[in-house]
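Colleague:
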Amino acid sequence: MKAIVLNEYGDSSHLRLTEIPEPKTGDGEIKVKVAAAGLNPIDWKLRSGDYKAFMPIQFPFVPGVDVSGQVVELGQGVTQFKVDDRVLGFVKRGYAEFVTAPIGAWAPIPKGMSLEDAAVIPLAALTGAQLVEEAANVQGEQTVLVTGAVGAVGRTAVYAAKARGARVIAGVRQQQRAEAEKLGASMVVALDVDAELASLPTLDAVVDTVGGSTLAKVLGKVRNGGVIASALGPPPADKERGLIGKGMLTHTDSKRLAELAKAVKAGKLRLPIAKRLPLAEAASAQRLAEAGGISKVLLKV
Ligand SMILES: NC(=O)c1ccc[n+]([C@@H]2O[C@H](COP(=O)([O-])OP(=O)(O)OC[C@H]3O[C@@H](n4cnc5c(N)ncnc54)[C@H](OP(=O)(O)O)[C@@H]3O)[C@@H](O)[C@H]2O)c1
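At position 181 of the sequence shown the residue is numbered 181 (this note's numbering), and the sequence of numbers has no breaks.
In structure tokens:
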């Protein structure tokens with residue numbers, strides 16, 4: 001089968017379309033013929049070597065964690081899916097014509113949703129939901145700031161925190177304000193405008209998808225004992241003020257993934273796709289997405 005292969009750490013020019021053996025379907029796994037693979041920041045963080053210290057990769061490496069497609073083979077003991085089912089999954093080795101993964105990684109694609117639309121959902125949607133529901137454990141009466149709110153994870157965090165009844169503040173860049181107004185948050189704050197930062201109310205929680213100096217700037221607004229849940233590793237926690245810092249690594253969750261896909265289908269959660277490129281153009285696709293300022297990019301396989 002064709003796949004995108006990386007043989008050493010480096011820039012996106014190291015991604016090569018290569019012929020490799022099809023993966024074998026293990027017990028409790030399904031094999032899926034991939035229709036589309038969504039790109040995520042983890043793809044270039046792994047490729048570049050930025051994550052070498054705590055997430056080293058084995059070469060030859062096939063990137064990609066988000067795919068959609070149709071089931072072509074069932075492993076021993078699989079009863080939850082059947083051949084030809086349309087599925088989306090949070091997997092490994094996704095930039096390829098075929099992917100195998102345990103059934104817990106997969107969920108059915110809602111009727112009427114295209115395979116391409118489904119491919120950008122898994123990691124971002126699971127991460128946004130798990131930050132809100134598991135790491136921060138947001139409650140109904142709370143005031144919650146989501147940083148990077150028009151990003152893919154941020155959008156889902158806004159959706160999930162609103163669904164819990166929280167008062168949600170969408171934290172974005174000034175030039176993203178118009179897009180952020182469409183999220184239905186209680187308030188939009190441009191985090192790069194000092195006067196707007198100063199206007200933030202006291203926060204019970206921050207759900208962070210940006211990190212660094214942006215997160216540092218809002219910490220003073222979190223109430224004593226408040227929670228900071230970050231997608232970018234353990235955030236700085238001020239022990240004297242009892243701030244609770246929670247880093248998080250996204251895990252597979254078939255049931256929640258199915259619900260989030262239904263929310264996208266119903267238009268309650270939007271994950272816009274900016275660009276669709278063929279698998280062979282994975283290098284250009286990563287270059288484009290890595291530069292930022294763009295919504296989801298996917299590879300048509
Ligand atoms: N821990 C985990 O398991 C896990 C899982 C998934 C994702 N993540 C991480 O979560 C982060 C977000 O992922 P994503 O898929 O949502 O990426 P994304 O779609 O690119 O979203 C990031 C958003 O943050 C915005 N942003 C960046 N710097 C900002 C700043 N200083 N102020 C305000 N907004 C800023 C970006 O705007 P621009 O596009 O204009 O830069 C973009 O809208 C990534 O770092 C990713 O690696 C972690």
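Every residue gets a Cβ at the ideal spot worked out from N, C-alpha and C, and that includes glycine.
Go ahead and label Ala178 buried or exposed: buried means 16 or more other beta carbons lie within 10 angstroms of its beta carbon, across all protein chains shown.
Modeller: With fewer than 16 other Cβ atoms within 10 Å, it is exposed.
Colleague: Do three or more CB pairs link the region 151–163 to the region 115–131 at distances below 8 Å?
Modeller: As far as the Cβ criterion goes, the region 151–163 touches the region 115–131, which means the pair count is three or higher.
Colleague: Give the DSSP-derived three-state secondary structure of Gln70 in the structure shown.
Modeller: If DSSP states are grouped into helix, strand and coil, Gln70 belongs with the strands.
Colleague: Tell me which residue opens and which closes the alpha helix (DSSP H) that Arg256 is part of.
Modeller: Its alpha helix (DSSP H) spans residues 254–265.
Colleague: Going along the chain, which residues of its own chain have a beta-carbon closer than 8 Å to the beta-carbon of Arg223, five neighbours each way excluded?
Modeller: Cβ within range, chain order: Thr202, Leu203, Asp204.
Colleague: Using 8 Å as the threshold, is the C-beta distance between Gly89 and Val32 below it?
Modeller: Yes, they are a contact pair.
Colleague: Using a Cβ-Cβ cut-off of 7 Å (strictly less than) and excluding sequence neighbours within five positions of Lys45, which residues of its own chain qualify?
Modeller: Excluding residues within five positions, the ones whose Cβ falls inside 7 Å are Tyr51.
Colleague: Just to confirm, are Val132 and Ala149 a CB contact at a threshold of 8 Å?
Modeller: No, these two residues do not count as a Cβ contact at 8 Å.
Colleague: Tell me the rounded alpha-carbon separation between Ala229 and Asp208.
Modeller: Those two C-alpha atoms are separated by around 6 Å.
Colleague: If Leu299 sits next to Leu279, beta carbons under 8 Å apart, how far is it from one beta carbon to the other, in whole angstroms?
Modeller: The Cβ separation is near 5 Å, so the contact holds.
Colleague: Do Val264 and Ile244 have their CB atoms nearer than 8 Å?
Modeller: No, the pair does not count as a contact, with Cβ atoms beyond the cut-off.
Colleague: Is the closest heavy atom of ligand 1 to the C-beta of Leu200 under 7 Å?
Modeller: No, ligand 1 has no heavy atom inside 7 Å of this Cβ.
Colleague: Is it right to say Lys24 is buried, meaning 16 or more other beta carbons lie within 10 angstroms of its own, or is it exposed?
Modeller: With fewer than 16 other Cβ atoms within 10 Å, it is exposed.
Colleague: With a floor of 4 residues, list each alpha helix (DSSP H) that falls wholly inside the region 33–121, ordered by position along the chain.
Modeller: List check, alpha helix (DSSP H) in window: 41–48, 115–119.
Colleague: Grab me the residues of Gly233's own chain with a C-beta within less than 6 Å of its C-beta, minus the 5 sequence neighbours each way, in chain order.
Modeller: Closer than 6 Å at the Cβ level, and outside the excluded window around Gly233, lie Gly247.
Colleague: Who are Met248's beta bridge partners in DSSP?
Modeller: Beta-bridge pairing links Met248 to no other residue.
Colleague: Restricting to Cα atoms, I'd like to know which of Ile294, Gln286, Val301, Ala198 is closest to Gly10.
Modeller: With distances taken between Cα atoms, Gly10 lies closest to Gln286.
Colleague: Measuring straight from C-alpha to C-alpha, what distance separates Val91 and Ile4?
Modeller: Spanning the two alpha carbons is a distance of roughly 15 Å.
Colleague: Name the residue from Ser114, Glu240, Leu257, Glu97 whose alpha carbon lies nearest to the alpha carbon of Ile103.
Modeller: Nearest C-alpha to Ile103: Leu257.
Colleague: Inspect the beta-carbon positions of Val189 and Glu181 and report whether they are closer than 8 Å.
Modeller: Not in contact: Val189 and Glu181 (Cβ atoms no closer than 8 Å).
Colleague: Quick one: using the 10 Å Cβ neighbour count with 16 as the cut-off for buried, is Val193 buried or exposed?
Modeller: It counts as exposed.
Colleague: Tell me the rounded alpha-carbon separation between Gly75 and Thr100.
Modeller: Computed Cα separation, rounded: 9 Å.
Colleague: Please go through the same chain and pick out, in chain order, the residues whose beta-carbon is closer than 6 Å to the beta-carbon of Ile57, but skip the five residues on each side of it.
Modeller: So the qualifying residues of the chain are Leu46.
Colleague: Am I right that Ile109 and Arg93 are in contact with their C-beta atoms under 8 Å? What's the rounded C-beta distance?
Modeller: Not really, about 20 Å apart at Cβ, beyond 8 Å.
Colleague: Relative to the C-alpha of Pro272, which candidate in Val71, Ala118, Ser48 has its C-alpha closest?
Modeller: Nearest of Val71, Ala118, Ser48 to Pro272, Cα basis: Ala118.
Colleague: For Arg155, count neighbouring C-beta atoms within 10 Å of its own C-beta (all shown protein chains included) and say buried if the count is 16 or more, exposed if not.
Modeller: By the 10 Å Cβ count, Arg155 comes out buried.
Colleague: What does the alpha-carbon distance come out to for the pair Gln70 and Glu240?
Modeller: Distance between the alpha carbons of Gln70 and Glu240: 52 Å.
Colleague: Please tell me whether Leu115 and Ala166 are closer than 8 Å, where the distance is taken between their beta carbons.
Modeller: No; because the gap between Cβ atoms is not below 8 Å, this pair is not in contact.
Colleague: Are Ile210 and Thr147 close, meaning C-beta to C-beta below 8 Å?
Modeller: Inspection of the sequence shows that residue 210 is occupied by Val rather than by Ile. For Val210 and Thr147, yes; Cβs fall inside 8 Å.
Colleague: DSSP three-state label for Asp208, please.
Modeller: In this structure, Asp208 counts as strand in the three-state DSSP scheme.
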